[in-house]
Each structure stands twice: as structure tokens, then as C-alpha cells.
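In this note's numbering, the protein residues as written are 25 to 286. The beta-carbon is built from N, C-alpha and C at its ideal position, and this holds for glycine as well.
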Amino acid sequence: MEFSSVLRSQTLGDSGKGVVVIPSDWMQGRSAFGGLQAALLLRVMRQLIGNAWPLRVLQVNFIAPVPSGIPLDCAAHILRHGRNVVQIEARLSSESGTLCLAFGVFGVSRSSSVVLRPTQRVVQKGRPGEMRAGSETAEFLQHFSLRWLEGALPFSGADCAESVIMLAHRDSASTTEAHVVALADAAPLAALSLLKESAARSSLTWTLEFLGVPIDRLPRDGWRMDSALVAASDGYTQQSALLWSPEGRAVALSRQTGVVFA
């Protein structure tokens, strides 16, 4: 099922609540794709405040495996509604309890003399590597295109965990805020390129900081993610990444803590 179709299948109320059944083709191992979980929770947040408030930060904690094929509850409530900033909490849950917890920070634009726009570095065009859904990857990858321009593919035993990846949705709908959230989580953990064979892995926490670039109606193709492993020890990994729009503007800064069982 296409990403936009999954979003449309989420029934929404008028009080920040909804119900969704996640299809099996959106799984990554035992749990649903994290970017989809975040997008679904963002939608119930938007039910509370509409689309006028720009999203500034989305923080996500992946608490327990999210299953497919059963109804899941989505619920959001406002923690504080200030004059310039609104902070909202949202939860994805089942009968067993909370599975995913997200916090959204929405803020109006302010006038400031401090302005710094990241500059996209030039990448030498070589023969790109491509990652597809298969026995060593997650099912949800069939809905994305991932092409490595720099860096090594997962499980290639590389000595460096930095990469430049071209990303695209395999979806017929126009790009929305939810599409960008999902796209920012589509690339695998950077640490996996250091491994020589497949290993169990998962994300624990994820923070996506939006940089004020309008994202609606941008093309589905031509997105780019520059990522790097910052640190790793005791089975935990920390990475940072920048998501670039097809026109070469920095859209979001991603920070992620993962677990690698190898």
C-alpha cells in the first residue's frame, strides 16, 4: 500500500484522535517503519492546531514493537499553547500499552538578525550503489528508492560510516509534510556499513529539526541525505544527518540513537 494510502486509511476525529491498521508491507523486522509511526502521530497533532503553525521539531521515542494488521490508537494532546510556540504530545498504542511516543514543537516565524543556511557540498558523480527490499533488508524499503553516491552499503565491512544517499518516495501523491518525515527516516542506520554481515538493529530515539524551508509540493525525486556516525559504544549508536530538498536546500537535521546487536 502506498504511503499516502496508509495515511488516508487512518481514521481521524476532531479531538486529536485516530485509529489505523498498518499493512505488513510497511514493517521493518518486528516493528512498523519508524518514519510511518512518526507521520501518523504528526497527523493527529495537526488535528489539534491545523496547518498554519510550522513544525520546528519532532521528537520520537520508539518504545515497543508496533505490529501490523491490528487496530492501533493514535492520540494527541496539547501540553502548552503559547503565543509563539505550541508543544504537543502524541502516542501510538495498543491494548498492551504505549508503543511510540512523540513530541511536536510548532512555532511561528520570528524576526532575527541570526541567519545561517547550510551549504550543500558537491559530490563527485560515480557509480551509485542501490539498496532494495529483500532478505537482508526491511519490507518497507519497497516504497522508497535509495541510491548511495558516497559511502558504503550496509553490511559491507567498510572502515567509514559516512554516506551521501539520494532518496525518493515510490508514491503517486504530491509531497507533504508527512512524506518528508518518512523520507528522513528511510535510510538505514549509518553504523550498519561497518558490519560484515546482517545483524539485528533498531532505533530508540529520533529527533527531526526542521529548518524553515517550505516543503509542500516539492518533487518526490531528488532528495538527498548526508549522514555520519558520530559515536558508538556498548551496542548503542549516535548519528547525525542533513536532509536536502531536490533544489539543494537543507530541510531538516536528523539525530538518531540506535541499537546494533553485533
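>> I'd like to know whether the C-beta atoms of A100 and L123 end up nearer to each other than 8 angstroms.
In response: Taking the sequence shown and counting its residues from 1, one reaches residue 100 at position 76. Taking the sequence shown and counting its residues from 1, one reaches residue 123 at position 99. For A100 and L123, no; Cβs fall outside 8 angstroms.
>> Using DSSP's beta-bridge definition, name the partner residues of P95.
In response: Taking the first residue of the sequence shown as position 1, residue 95 is located at position 71. The bridge partners DSSP lists for P95 are V45.
>> Tell me which residues share the same chain as Q52 and place their Cβ nearer than 6 angstroms to its Cβ, disregarding the 5 neighbours each side in the sequence.
In response: Working through the sequence shown from its first residue, we reach residue 52 at position 28. Correct list, in chain order: A162 and F164.
>> In the DSSP output, what is C124 paired with across the bridge?
In response: Sequence index remark: in the sequence shown, residue 124 carries index 100 (1-based). Looking at the DSSP assignment, C124 forms a beta bridge with F86 and L116.
> What separation, rounded to the nearest whole angstrom, lies between the Cα atoms of R107 and S29?
Replying inline: The residue labelled residue 107 in the question sits at position 83 within the sequence shown. The residue labelled residue 29 in the question sits at position 5 within the sequence shown. Rounded to whole angstroms, the separation of the alpha carbons of S29 and R107 is 35 angstroms.
> Are at least three pairs of beta-carbons, each pair with one atom in the segment 214-225 and one in the segment 171-182, less than 8 angstroms apart?
Replying inline: The segment 214-225 vs the segment 171-182: in contact.
> To the nearest angstrom, how far is it from the Cα of F285 to the Cα of G259?
Replying inline: For the purposes of this step, residue 285 is identified with residue 261 of the sequence shown, where counting begins at 1. For the purposes of this step, residue 259 is identified with residue 235 of the sequence shown, where counting begins at 1. Going from the Cα of F285 to the Cα of G259 covers about 6 angstroms.
> Are V283 and S226 touching if we call contact CB-CB under 8 angstroms?
Replying inline: For the purposes of this step, residue 283 is taken as residue 259 along the sequence shown, with counting starting at 1. For the purposes of this step, residue 226 is taken as residue 202 along the sequence shown, with counting starting at 1. Yes; because the gap between Cβ atoms is below 8 angstroms, this pair is in contact.
> Tell me which same chain residues have a C-beta within less than 7 angstroms of the C-beta of T200, skipping the five on either side of it?
Replying inline: Taking the first residue of the sequence shown as 1, we reach residue 200 at position 176. These residues qualify, in order along the chain: D240.
> For W77, which three-state DSSP category applies?
Replying inline: For the purposes of this step, residue 77 is taken as residue 53 along the sequence shown, with counting starting at 1. In the displayed model, W77 falls within coil according to three-state DSSP, outside both helix and strand.
> What beta strand (DSSP E) runs, 3 residues minimum, are completely inside the segment 166-232?
Replying inline: 168-174 and 186-193, all fully within the segment 166-232.
> Is it a yes or a no for the segment 186-202 touching the segment 271-278, going by three-plus beta-carbon pairs under 8 angstroms?
Replying inline: In the pairwise beta carbon analysis, the segment 186-202 is classified as not touching the segment 271-278: fewer than three pairs are separated by under 8 angstroms.
> CB-CB under 6 angstroms to F57, same chain, minus the five flanking residues each way: which ones, in chain order?
Replying inline: Here residue 57 is taken as the residue at index 33 of the sequence shown, counted from 1. Same-chain partners within the cutoff: W50 and F164.
>> Among G59, G42 and D183, whose alpha-carbon lies nearest the alpha-carbon of Q280?
In response: Taking the sequence shown and counting its residues from 1, one reaches residue 280 at position 256. Nearest option by C-alpha distance: G59.
> For L242, which of helix, strand or coil comes out of DSSP?
Replying inline: The residue given as residue 242 occupies position 218 in the sequence shown. L242: coil per DSSP, three-state reduction.
> Are G42 and P78 touching if we call contact CB-CB under 8 angstroms?
Replying inline: If you number the sequence shown from 1, residue 42 lands on position 18. If you number the sequence shown from 1, residue 78 lands on position 54. No. Outside cutoff.
> Beta carbon of P95, beta carbon of S55: below 8 angstroms?
Replying inline: As a first step, residue 95 is located in the sequence shown; it is residue number 71 there, counting from the start. As a first step, residue 55 is located in the sequence shown; it is residue number 31 there, counting from the start. Not a contact, by the Cβ cut-off of 8 angstroms.
> Skipping 5 residues on each side, what residues in its chain have a beta carbon closer than 6 angstroms to that of A208?
Replying inline: Along the sequence shown, one-based indexing puts residue 208 at 184. Residues of the same chain with a CB within less than 6 angstroms of the CB of A208, apart from the 5 flanking positions on each side, are L232, L267, A276 and S278 in chain order.
>> Only counting the same chain, and skipping five residues up and downstream in sequence, which positions put a Cβ closer than 7 angstroms to that of L242?
In response: For the purposes of this step, residue 242 is identified with residue 218 of the sequence shown, where counting begins at 1. Non-local beta-carbon contacts of L242 in its own chain, meaning distances under 7 angstroms to residues more than five positions away in sequence, involve T199, S269 and P270 in chain order.
>> Considering only their Cβ atoms, is the gap separating L125 from N75 smaller than 8 angstroms?
In response: The residue given as residue 75 occupies position 51 in the sequence shown. The residue given as residue 125 occupies position 101 in the sequence shown. No, the Cβ-Cβ distance between N75 and L125 is not below 8 angstroms.
> Among L191, D250 and A192, which has the Cα closest to the Cα of A214?
Replying inline: Position 190 of the sequence shown, counting from 1, holds the residue named residue 214. Closest in C-alpha terms to A214, from the list L191, D250 and A192, comes D250.
> Whose C-beta lies closer than 7 angstroms to the C-beta of P142 among residues of the same chain, with five residues either side of it excluded?
Replying inline: Your numbering for residue 142 matches position 118 in the sequence shown. The residues L266 and A274, in chain order, have a CB closer than 7 angstroms to that of P142 in the same chain once the five nearest residues on each side in sequence are set aside.
> Can you list, in chain order, the residues of its chain whose CB lies under 6 angstroms from that of M69, leaving out five sequence neighbours each side?
Replying inline: Position 45 of the sequence shown, counted from the first residue, corresponds to residue 69. Exclusion of the five residues before and after M69 leaves A100, I112, A114 and G128 as the residues of its chain whose Cβ lies within less than 6 angstroms of its Cβ.
>> With distance defined between alpha-carbon atoms, name the residue in F27, D97, P238 and L65 nearest to Q83.
In response: Position 59 of the sequence shown, counted from the start, is the residue given in the question as residue 83. When each option's Cα is compared against that of Q83, the closest is L65.
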